[in-house]
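**Student:** Sequential numbering from 1 applies to the sequence shown in full-length UniProt numbering.
For every residue, glycine included, the Cβ atom is placed at its ideal position computed from N, Cα and C.
Model, not experiment: these values are computed from the prediction.
Got a structure for you, written out below as structure tokens; questions coming shortly.
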Amino acid sequence: MTEFDAATAAVQAALDAGARYADARVMHRRYESMTARNGDVEELTQDESIGIGVRALVGASWGFHAVPDLSDAAARDAGRRATRTAMASARVPGPSVDLVPVQAVTASWASGCQIDPLGVPLSDKGDLLVDATRTMAEHGADLAEGLYQIWDTAKWFVSSEGHRIDQRIRECGGGISATSIGDGETQRRSWPSYRGQYGTTGWELVESLDLAAHAAQIAEESRALLTAPPCPAGETDLILGGEQLALQIHESVGHAIELDRILGWEAAFAGTSWLDLAQLGSLRYGSELMNITIDPTIPGALGSFGFDDEGSPAVKRDAVRDGRWVGVLAGRDSAAMASLDYGGSVRADGWARLPMVRMTNVGLEPGPHTLEEIIAATDDGVLMDLNRSWSIDDKRLNFQFGCEVGWEIKKGRRGRMLRNPTYTGIGPLFWRSMDMLSSETVSWGTPNCGKGQPGQVGHTGHPAAPARFRNVRVGVSA
């Protein structure tokens, strides 16, 4: 049987068992990662899995079943079991479940890839990490680490409405970090961010990071941080680098606009959201410079695809426009419940997991400034970059973040390096204080977004550039 044959058999079996709607996803994923430490390869991981996951809708209830077997008998049994699960759940009364209409299509899609990352010799990939970590150790790092990760995923999707879609998504990335240990103090510097940069692209992304060329500098900066003055405490103007702003978007915007959280469906584990659907279209989320898009069509960004796991095509939408909240991340069922006319943001991290609302590429559109212009316009402030820690409440409202490094800004010039920089705020108040935004946008990739029960790891993208926020509380008072 082909993958499409297995998915078609599963869907038909679910319908024959009593489902009013069913879909099936066959997924074949290959994964490879390597880590190196202090000039030696430490670990190589290579995994491969294939299976089929089936969803069935009965009344107001979903059922799901998955098996690592694409035979006709196993696929049909999975379809029947998904329907039986939905029937058991449907015995408990609940609100009706409709699905936002989506045109059924037959289509193929593949992410761009110039150099097949799994085709690059292991020796070449190992040499890259070994050389970079050895250089960091030679320049003072007590712990020099490097890694890369590769995912090569093929999907086949069939629905009872007529969808027949196959996709191939290749993702990869990597990074390095240097840790220095002093008297009661540990400091880390990373490139290009902690755990690296990732995208839906080939090995050319890793080559473009030029890890070896940055190894010496980040090692020296990690050691210099040991004796740098601490970040002062108080209210000041805060300039965030693009990598840190990407995480700020992820935590205080991306998760907050997930419709399943807003509806309370994730309250038992992931939490809810401070947003109220009654304010969609009117709530001022941030300043007029704040334009956030939901865009899975960005070439090479980590949250890009051709179709989500419900067969909805990738479409760019506004989440925040001119500072006002106007859009959400949604699936076909949650959108219908909220009286919206779009889904498009539902994915699962594997064939054995139920698809759920996930971030795609959620990011800021570019502003009119440059980082140097922002620094020059700041009389007194702190520049912070590269995330080191994060904490945010379960409504995605109150937050505190720590960064790897800070720099004092005085009279428009970058000054002393600062250690242990932190800042805290309340989401909408923070975003409303943004008054300068750079045009130097990078689509940062986050390959470790956790959500769901059982837990799933999502891959998301966040276009971001440096920005300034006024009167932000920074540092920790003694």
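From the DSSP output, in three-state form, read off Gln103 for me.
**Tutor:** It is coil, neither helix nor strand.
**Student:** Below 7 Å CB to CB, which residues in the same chain sit around Gly458 once its five sequence neighbours on both sides are set aside?
**Tutor:** Closer than 7 Å at the Cβ level, and outside the excluded window around Gly458, lie Arg347, Asp349, Arg358, Met359, Cys449 and Lys451.
**Student:** What whole-angstrom Cβ distance do Glu171 and Thr200 have, given they're in contact under 8 Å?
**Tutor:** 5 Å
**Student:** Considering Cα atoms alone, identify which of Val105, Trp444 and Ser345 is closest to Arg332.
**Tutor:** Ser345
**Student:** Identify every residue that forms a DSSP beta bridge with Asp152.
**Tutor:** Arg30 and Arg170
**Student:** Under the three-state reduction of DSSP, which class applies to Pro447: helix, strand or coil?
**Tutor:** strand
**Student:** Would you report the Cα separation of Ser177 and Glu145, rounded to the nearest angstrom?
**Tutor:** 5 Å
**Student:** How big is the Cα-Cα spacing for Gly51 and Glu32?
**Tutor:** 19 Å
**Student:** Would you grab the beta carbon distance between residue 485 and Val120 for me? Rounded to a whole angstrom, and I think it's under 8 Å.
**Tutor:** Residue 485 is absent from the structure shown; the chain starts at 1 and stops at 478.
**Student:** Are three or more beta carbon pairs between the region 6-23 and the region 35-43 nearer than 8 Å?
**Tutor:** no
**Student:** Sort Arg76, Pro299 and Trp431 by Cα distance to Gly461 and report the nearest one.
**Tutor:** Pro299
**Student:** Determine which residues share a DSSP beta bridge with residue 479 and list them.
**Tutor:** A query on residue 479 cannot be resolved here, the shown segment of the chain reaching from 1 to 478 and no further.
**Student:** Can you list, in chain order, the residues of its chain with a C-beta nearer than 8 Å to that of Ala90? Leave out the 5 residues immediately preceding and following it.
**Tutor:** Val58, Gly59, Ala60 and Ser61
**Student:** Short check: CB of residue 540 to CB of Thr135, under 9 Å?
**Tutor:** This structure gives no information on residue 540, because the portion of the chain shown stretches from 1 to 478.
**Student:** Please confirm whether Pro463 and Asp295 have their CB atoms less than 9 Å apart.
**Tutor:** yes
**Student:** Return helix, strand or coil for Gly126, following the three-state DSSP convention.
**Tutor:** helix
**Student:** Could you please give me the residues that DSSP links to Gln400 through a beta bridge?
**Tutor:** Ser391 and Thr424
**Student:** Hey, out of Met27, Glu221, Ser71 and Asp127, whose CA is closest to Ala9's CA?
**Tutor:** Ser71
**Student:** Anyone know if the C-beta pair for Arg473 and Glu235 falls short of 9 Å?
**Tutor:** The criterion of a C-beta distance shorter than 9 Å is satisfied by Arg473 and Glu235.
**Student:** Nearest-angstrom Cα distance between Asp379 and Asp435?
**Tutor:** 14 Å
**Student:** Just to confirm the assignment: which complete alpha helix (DSSP H) runs, minimum length 4, are found wholly within the region 244-306?
**Tutor:** 259-262
**Student:** Rank Pro368, Glu404 and Ser282 by C-alpha distance to the C-alpha of Gly327 and give the top, closest one.
**Tutor:** Ser282
**Student:** Gly214 lies in the alpha helix (DSSP H); which residues open and close that run?
**Tutor:** Correcting the residue identity first, residue 214 is His in this sequence and not Gly. Here the alpha helix (DSSP H) through His214 covers Leu211 to Leu225.
**Student:** Under the three-state reduction of DSSP, which class applies to Ala141: helix, strand or coil?
**Tutor:** coil
**Student:** What's the C-alpha gap between Thr446 and Leu225?
**Tutor:** Approximately 26 Å between the Cα atoms of the pair.
**Student:** How long is the line joining the alpha carbons of Gly475 and Ala233, rounded to whole angstroms?
**Tutor:** 4 Å
**Student:** Output yes or no for whether 9 Å exceeds the beta carbon distance between Lys125 and Arg25.
**Tutor:** no
**Student:** Output the boundary residues of the beta strand (DSSP E) element that contains Gly458.
**Tutor:** Gln456 to Ala464
**Student:** Under three-state DSSP, which class holds Ala179?
**Tutor:** Reading the sequence as shown, one finds Thr at residue 179 and not Ala. Correct three-state label for Thr179: strand.
**Student:** Measuring CB atoms only, is the region 192-208 touching the region 112-119, in the sense that at least three cross pairs come out at less than 8 Å?
**Tutor:** Yes, the region 192-208 touches the region 112-119.
**Student:** Might you give, ordered along the chain, the residues of its own chain that have their beta carbon closer than 6 Å to the beta carbon of Thr85, omitting 5 neighbours on each side?
**Tutor:** Around Thr85, the same chain offers Gly63 as residues with beta carbons nearer than 6 Å, after the five sequence neighbours per side are excluded.
**Student:** How many Å lie between Val54 and Asp69 at the Cα?
**Tutor:** 12 Å
**Student:** Considering only residues of the region 330-383, which uninterrupted beta strand (DSSP E) runs meet the minimum length of 3 residues and lie entirely inside it, listed in chain order?
**Tutor:** As far as the region 330-383 is concerned, its whole beta strand (DSSP E) runs of at least 3 residues are 362-364.
**Student:** Just curious, the beta strand (DSSP E) that Asp69 is in, first and last residue?
**Tutor:** Here Asp69 belongs to no beta strand (DSSP E), and DSSP marks it neither H nor E.
**Student:** Under a three-way DSSP split, which group does residue 479 fall into?
**Tutor:** Look at the range of the chain in this structure, 1 to 478, and you will see that residue 479 is not part of it.
**Student:** Kindly identify the DSSP beta-bridge partner or partners of Asp385.
**Tutor:** Val405
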